[in-house]
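S.K.: FYI, in the working numbering the residues of the sequence shown are 791 to 1132.
Using N, Cα and C, we set each Cβ at its ideal position, and we do this for glycine too.
Keep in mind that this is a model prediction, so the values were computed, not measured.
Below is one structure. I have some questions about it.
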Amino acid sequence: MKNKIIVTGGCGYIGSHTVIELIENNYTVIILDDLSNSTEETLHRIEKITNVKPSFINIDLKDELKTKKVFKEHKDAKAVINFAAHKAVGESVQKPLMYYKNNLYSLINTLTALTENTINGFIFSSSATVYGTPKSLPITEQSKTQRPFSPYGNTKKIAEEIIDDLIKSETNLSAISLRYFNPIGAHESGLIGELPSGIPNNLMPYITQTAVGIREKLMVYGNDYPTKDGTPIRDYIHVVDLAKAHVLAVERIIKNQQEKPFEIFNLGTGNGFSVLDIINSFEEVTNSKLNYEITDRRAGDVPKLFASIDLVKNKLGWKPSKSLNEMIKSSWDWERKLNDKS
Ligand code: UFG
791 MKNKIIVTGG CGYIGSHTVI ELIENNYTVI ILDDLSNSTE ETLHRIEKIT NVKPSFINID
851 LKDELKTKKV FKEHKDAKAV INFAAHKAVG ESVQKPLMYY KNNLYSLINT LTALTENTIN
911 GFIFSSSATV YGTPKSLPIT EQSKTQRPFS PYGNTKKIAE EIIDDLIKSE TNLSAISLRY
971 FNPIGAHESG LIGELPSGIP NNLMPYITQT AVGIREKLMV YGNDYPTKDG TPIRDYIHVV
1031 DLAKAHVLAV ERIIKNQQEK PFEIFNLGTG NGFSVLDIIN SFEEVTNSKL NYEITDRRAG
1091 DVPKLFASID LVKNKLGWKP SKSLNEMIKS SWDWERKLND KS
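Put into structure tokens, the structure is as follows:
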């Protein structure tokens, strides 16, 4: 019997890559998604890659009754991976209530349904944003969390606190929170990748959309930060490496290998690259020039953020395998396929 895993937000960017890894590791996957920032076409693409079409239920997890009903039907699931959330930092500043409602109602309904049906494993998609502006680098899981700049980031911090409180009350629930640094890249097939709706917020899709001609010019938000070239430093991680960590987290929960019922792991590479490093690598990988301009800083950006990944290496047995150039190349291949240019 294959173990069944429920993946909320499984049609999204990180969710869809994780679904592929789960299927390839012999899990049965049930995707719950409201398609608010993804498309059903992703299911066909997952099928093309894996030869398995995952079960899909179109559901808004803010609807408590419907959520409970679906989880009851799948109470034999071994774990739930929670990707379902809005994630645009800028939009969350404009529409905070939409973010708190969507990200937290859906989380609370999911956790309620999960505990009612004694599904005892939960994996949460968190973010390095919970560290705020770090006092020292690299950031370990022991580093103090701070109130994130954006409502989006704050939903991640509050969500971790909700899970922590629940775990303390529920003896049977085990959870792992994975704090992502900066996921980029796409599946090697070129069939799935990031599909930002509207103007991208994040650096990598903005670069590839500029290079392919959708955007005129990349704006580099500030070159007066206290870094080697003045542009902010981040820890970019290939989405497929990230996806593989979720499979290991599922295994850790199923095999009862956790050292405590709520564990937290950073997911990055441990390497920091500046915005100009990324642009230079992109130009090198694609053998082209990118149109960009230095402009004012963007509110809320911290100068430097990169992870310590010792804990996740030691406890989960995970390590990143892809180089920065591989990440960039796969993002580029995906963008070109999407736009049907070769
Ligand atoms: N950047 C630009 N121009 C752009 C987009 C980004 O110069 O058009 C710069 C940013 O200023 C930043 C770097 O590129 O220095 C990376 O920016 P991203 O938006 O790609 O990533 P962030 O580090 O800002 O955001 C990531 C995650 C968020 C999370 C945040 C918390 O995408 O989900 O980290 O640190 F909230």
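Flag F873 as yes when its Cβ comes closer than 8 angstroms to any non-hydrogen atom of the ligand UFG, and as no otherwise.
M.R.: Counting from one through the sequence shown, the residue named residue 873 turns up at place 83. Because no heavy atom of the ligand UFG lies under 8 angstroms away, the Cβ of F873 does not count as near it: no.
S.K.: By Cβ distance below 6 angstroms, which residues in the same chain neighbour E1053 in space, the five residues on each side in sequence not counted?
M.R.: Here residue 1053 corresponds to residue number 263 of the sequence shown, with the count starting at 1. Once the five neighbours on either side are set aside, the close Cβ partners of E1053 are I966.
S.K.: So, is S1113 buried or exposed, given that buried needs 16 or more other C-beta atoms within 10 angstroms?
M.R.: Taking the sequence shown and counting its residues from 1, the one referred to as residue 1113 is at position 323. Per the 10 Å Cβ criterion, exposed.
S.K.: Could you check the C-alpha separation between I871 and H807 for me, to the nearest Å?
M.R.: Locating residue 871 in the sequence shown gives position 81, where the first residue counts as 1. Locating residue 807 in the sequence shown gives position 17, where the first residue counts as 1. Cα-Cα distance, rounded: 12 angstroms.
S.K.: Any heavy atom of the ligand UFG within a distance shorter than 8 angstroms of the CB on M1009?
M.R.: For the purposes of this step, residue 1009 is taken as residue 219 along the sequence shown, with counting starting at 1. Yes; taking the cut-off as 8 angstroms, the Cβ of M1009 has a heavy atom of the ligand UFG nearer than that.
S.K.: Could you give the DSSP three-state label for A867: helix, strand or coil?
M.R.: Mapped onto the sequence shown, residue 867 falls at position 77. Correct three-state label for A867: coil.
S.K.: Answer with buried or exposed for P1022, where buried requires no fewer than 16 other C-beta atoms within 10 angstroms of its C-beta.
M.R.: Translated into the one-based positions of the sequence shown, residue 1022 becomes position 232. P1022 is buried by the Cβ-count criterion.
S.K.: Quick check on the DSSP output: the alpha helix (DSSP H) that includes A772 runs from which residue to which?
M.R.: Beyond the ends of the chain as shown, which are 791 and 1132, falls residue 772; an answer cannot be given.
S.K.: Taking H1028 as part of the beta strand (DSSP E), name the residues at either end of that continuous run.
M.R.: The sequence position of residue 1028 within the sequence shown is 238, counting from 1. Segment Y1026 to H1028, the beta strand (DSSP E) holding H1028.
S.K.: Among N1077, T1085 and N1061, whose alpha-carbon lies nearest the alpha-carbon of S1111?
M.R.: On the sequence shown, position 321 is the one that residue 1111 refers to. The shortest Cα separation from S1111 among N1077, T1085 and N1061 belongs to N1061.
S.K.: What residue does the beta strand (DSSP E) around G943 start on, and which one ends it?
M.R.: Within the sequence shown, residue 943 is the residue found at index 153, counting from 1. Where G943 is concerned, there is no enclosing beta strand (DSSP E), although the alpha helix (DSSP H) it sits in stretches over P941 to S959.
S.K.: Please report whether the beta-carbon of T905 lies at a distance below 9 angstroms from any beta-carbon of chain B.
M.R.: The structure shown contains no chain B, having only a single protein chain.
S.K.: So, using beta-carbon positions, are F971 and G1058 closer together than 9 angstroms?
M.R.: On the sequence shown, residue 971 is found 181 positions in, with the first residue counted as 1. On the sequence shown, residue 1058 is found 268 positions in, with the first residue counted as 1. Taking 9 angstroms as the Cβ cut-off, F971 and G1058 qualify as a contacting pair.
S.K.: Mapping the DSSP letters down to three states, classify A874 as helix, strand or coil.
M.R.: Taking the sequence shown and counting its residues from 1, the one referred to as residue 874 is at position 84. Correct three-state label for A874: coil.
S.K.: H834: buried (16+ other C-beta within 10 angstroms of its C-beta) or exposed?
M.R.: Numbered from 1 along the sequence shown, position 44 holds the residue referred to as residue 834. Exposed is the call here.
S.K.: Have a look at the DSSP bridge pairing and note the partners of N848.
M.R.: By one-based count along the sequence shown, residue 848 stands at place 58. N848 is bridged to D823.
S.K.: When you compare the CB positions of V1065 and N1115, do they come within less than 9 angstroms of one another, or not?
M.R.: In the sequence shown, residue 1065 corresponds to position 275, counting from 1. In the sequence shown, residue 1115 corresponds to position 325, counting from 1. For V1065 and N1115, no; Cβs fall outside 9 angstroms.
S.K.: With DSSP collapsed to three states, give me the class of M791.
M.R.: Sequence index remark: in the sequence shown, residue 791 carries index 1 (1-based). Note: M791 maps to coil in three-state DSSP.
S.K.: Report yes if the C-beta distance between E881 and Y942 is below 9 angstroms; otherwise report no.
M.R.: Here residue 881 refers to the residue found at position 91 of the sequence shown. Here residue 942 refers to the residue found at position 152 of the sequence shown. In contact: E881 and Y942 (Cβ atoms closer than 9 angstroms).
S.K.: With 16 other CB atoms within 10 Å as the buried threshold, where does I1069 fall?
M.R.: Walking along the sequence shown from the start, residue 1069 turns up at place 279. Buried: at least 16 other Cβ atoms inside 10 Å.
S.K.: How would you label M994, buried or exposed, when you count the other beta carbons within 10 angstroms and need 16 or more for buried?
M.R.: One-based indexing of the sequence shown puts residue 994 at position 204. Classification for M994: buried.
S.K.: Quick check on this structure: which residue in Y817, N1056, N893 and K1094 has the alpha carbon closest to the alpha carbon of D824?
M.R.: Here residue 824 corresponds to residue number 34 of the sequence shown, with the count starting at 1. Among Y817, N1056, N893 and K1094, the Cα nearest to that of D824 is on N893.
S.K.: For P928, which residues from the same chain have a beta carbon less than 7 angstroms from its beta carbon, with the 5 sequence-adjacent residues on both sides left out?
M.R.: Locating residue 928 in the sequence shown gives position 138, where the first residue counts as 1. These residues qualify, in order along the chain: G1060, F1096, A1097 and S1098.
S.K.: Please tell me whether, using a cut-off of 8 angstroms, the distance from the CB of L1095 to the nearest non-hydrogen atom of the ligand UFG is below it.
M.R.: To locate residue 1095, count along the sequence shown from 1; it is residue 305. L1095: yes, Cβ under 8 angstroms from the ligand UFG.
S.K.: Could you tell me the distance, in whole angstroms, from the CA atom of K1119 to the CA atom of G975?
M.R.: Here residue 1119 is taken as the residue at index 329 of the sequence shown, counted from 1. Here residue 975 is taken as the residue at index 185 of the sequence shown, counted from 1. The straight-line gap from Cα to Cα measures roughly 8 angstroms.
S.K.: Can you tell me whether V1010 is helix, strand or coil according to DSSP?
M.R.: By 1-based counting over the sequence shown, the position of residue 1010 is 220. Correct three-state label for V1010: strand.
S.K.: According to DSSP, is F1052 part of a helix, a strand, or is it coil?
M.R.: Translated into positions along the sequence shown, residue 1052 becomes position 262. DSSP places F1052 in strand when its eight states are reduced to three.
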